[in-house]
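These protein sequence lines map, in sequence, to chains A and B.
Numbering of the first sequence is given in this note's numbering, commencing with residue 73 and proceeding in unit increments.
Numbering of the second sequence is given in this note's numbering, commencing with residue 73 and proceeding in unit increments.
Built from N, CA and C at the ideal position, the CB exists for glycine as well.
Protein chains: 2
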Amino acid sequence: MIPSRPALEAAHFVDRLERLVRASEAADDLNPAQWEALRYFVRANRFSRTPAALADYLVSTRGTISRTLTSLEAKGYLRRGPSSRDGRSIECFLTAKATKALSRDPLTALARDIEAACGEDTPALAEGLRSTLLTAIARNGGRAFGACFTCRHFRADVRPDRSAPHHCGLLDEPLSQVESQAICVEQESQAV
Amino acid sequence: MIPSRPALEAAHFVDRLERLVRASEAADDLNPAQWEALRYFVRANRFSRTPAALADYLVSTRGTISRTLTSLEAKGYLRRGPSSRDGRSIECFLTAKATKALSRDPLTALARDIEAACGEDTPALAEGLRSTLLTAIARNGGRAFGACFTCRHFRADVRPDRSAPHHCGLLDEPLSQVESQAICVEQESQAV
DNA sequence: TCAATATGATTTCGACTAGCAATCATGATC
DNA sequence: GATCATGATTGCTAGTCGAAATCATATTGA
Chain A
73 MIPSRPALEA
83 AHFVDRLERL
93 VRASEAADDL
103 NPAQWEALRY
113 FVRANRFSRT
123 PAALADYLVS
133 TRGTISRTLT
143 SLEAKGYLRR
153 GPSSRDGRSI
163 ECFLTAKATK
173 ALSRDPLTAL
183 ARDIEAACGE
193 DTPALAEGLR
203 STLLTAIARN
213 GGRAFGACFT
223 CRHFRADVRP
233 DRSAPHHCGL
243 LDEPLSQVES
253 QAICVEQESQ
263 AV
Chain B
73 MIPSRPALEA
83 AHFVDRLERL
93 VRASEAADDL
103 NPAQWEALRY
113 FVRANRFSRT
123 PAALADYLVS
133 TRGTISRTLT
143 SLEAKGYLRR
153 GPSSRDGRSI
163 ECFLTAKATK
173 ALSRDPLTAL
183 ARDIEAACGE
193 DTPALAEGLR
203 STLLTAIARN
213 GGRAFGACFT
223 CRHFRADVRP
233 DRSAPHHCGL
243 LDEPLSQVES
253 QAICVEQESQ
263 AV
């Protein structure tokens, strides 16, 4: 199937926009892969802050990710520690330096441009891109990494604990309100 | 200014979509930069098929581009020759091998996903992205590289020659119908 | 229970890429 | 015609990536 001209143009624009972002990223002392790692960890829930999950998210290899994290840790953006859930696994935490860096994330500049250019049509654009992403991920056999609360294992308000009222049916763990908004490596769409 | 949530999400989706494309690109014997060079040259008009124009388009340096082109030439995707317009300049031509490679461009797969996901909203998505790109380029002080016929130097149907009826007022050159659709390094928006 | 297998993280290795700065040639300017 | 701007390339260096090997821990199933 040959895509229509608007579809081809849209793909080109995605490509060029991303290249502009990458050009800005080099200005800091972080490279594109390192930026993406920071962006991931700040949005990932506690089941998903591992090198392997990041490798899946970025469609990269674990070896490559390992070195990216070593580099981030050396520069003081990240701390690695053993996982309490799995003896093989490593858990990653962002430092205050990382949080500060994220406040000047070049991707935020792109978001501003989107808003300036699209105005009230921004939500429609976001929805179109979201559904495109899901289509593309399905085609490539990858994982969606959607928000926790959109998952079919999510159970809302089933616990008496007010600080963690929700529940993950897959991992059998309580979930706070904030956690339910985070992205999760295990997330699966509601629809069957 | 802090962007709205939909704007931030849209930016994230652009980022992730591009990463998926990059992951597919590695499957061929071309790397991302080489793919982008091929995509550029197949769409660039004859005033724009130079290393310097490509460097501007990709927001890269001429040294880097020079090496990318050397690599493409060694692999048989590209041919470099002297420019007839400028003794310092080099003109690049894609080979049949490049044309064939472009038919399996991973970015075309993205275009298909866009069309599958957005259906009749695809043109609206393309417009939103186009106007975002123009905003982003303006902010970064770059060049737009728009289609020739959208340029303020473009003069339609001013020549008797049916094979090249249009005219570029900046370079003082005749333009064919096909050329007027191509992207141009000199393109400037109509609006003042 | 315990061997076989799967998964998670890391490291080594080699190929490649990027940007910077220097160099050389040609064009444009005054 | 001297000076400066522009176009292309290359040496240098730092850094990136992926594949494969290695080691540790979990999981599975006979």
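Taking all protein chains in view, the Cβ of D177(B) is crowded by 16 or more other Cβ atoms within 10 Å, so the residue is classified as buried. When only Cα atoms are considered, T136(B) and R88(A) end up about 18 Å apart.
For the pair A95(B) and I255(A), the Cα-to-Cα distance works out to about 21 Å. Under the rule that a run must span 4 or more residues, the alpha helix (DSSP H) segments found entirely inside the stretch 144-189 of chain A read 168-174. At a beta-carbon threshold of 9 Å, none of the residues of chain A lie near G241(B); the nearest stands roughly 26 Å away. Per DSSP, the unbroken alpha helix (DSSP H) holding L197(B) starts and ends at 194-212. A Cβ-Cβ separation of about 7 Å places T194(A) in contact with A82(B) under the 8 Å criterion.
Across the structure, L141(A) and E163(A) are spaced so that their CA atoms are roughly 11 Å apart. For the set V114(A), E192(A), T222(A), D128(A), the Cα lying nearest the Cα of I209(A) is the one of D128(A). By the C-beta density criterion, E90(A) is buried, having at least 16 other C-beta atoms within 10 angstroms. Separation of the CB atoms of D185(A) and R211(B) is rounded to 7 Å, and the pair is thereby assigned contact status at 8 Å.
Only L182, A183, R184, D185, I186, E187, A188, A189, C190, D193, T194, P195, A196, L197, A198, E199, G200, L201, R202 from the stretch 182-202 of chain A bring a Cβ to less than 9 Å from some Cβ of chain B. Contact of E260(B) with chain A is not assigned, every C-beta pair being separated by 8 Å or more. The beta carbon of S252(B) sits closer than 6 Å to those of C220, F221, H238, all from its chain and outside the five residues before and after it, given in chain order. Annotation: the continuous beta strand (DSSP E) that includes H238(A) extends over 238-240. The Cβ of N103(B) sits no closer than 8 Å to any Cβ of chain A. Counting the other Cβ atoms within 10 Å of the Cβ of R77(A) gives fewer than 16, which makes it exposed.
Shortest Cα-Cα distance from V114(A) to any of E258(A), H225(A), L174(A), P75(A) involves L174(A). Listed along the chain, the chain B residues whose CB falls inside 8 Å of the CB of R91(A) are E108, L130, V131. For the alpha helix (DSSP H) assignment, the uninterrupted runs of no fewer than 4 residues enclosed by the stretch 106-147 of chain A are, from N- to C-terminal side, 123-129, 134-146. In the three-state DSSP reduction, P104(B) falls in the helix class (H, G or I). Neighbours of A95(A) in chain B, taken as residues whose beta carbon is under 7 Å from its own, are V131 in chain order.
Taking 8 Å as the cut-off, the Cβ atoms of V93(B) and L201(A) do not count as close.
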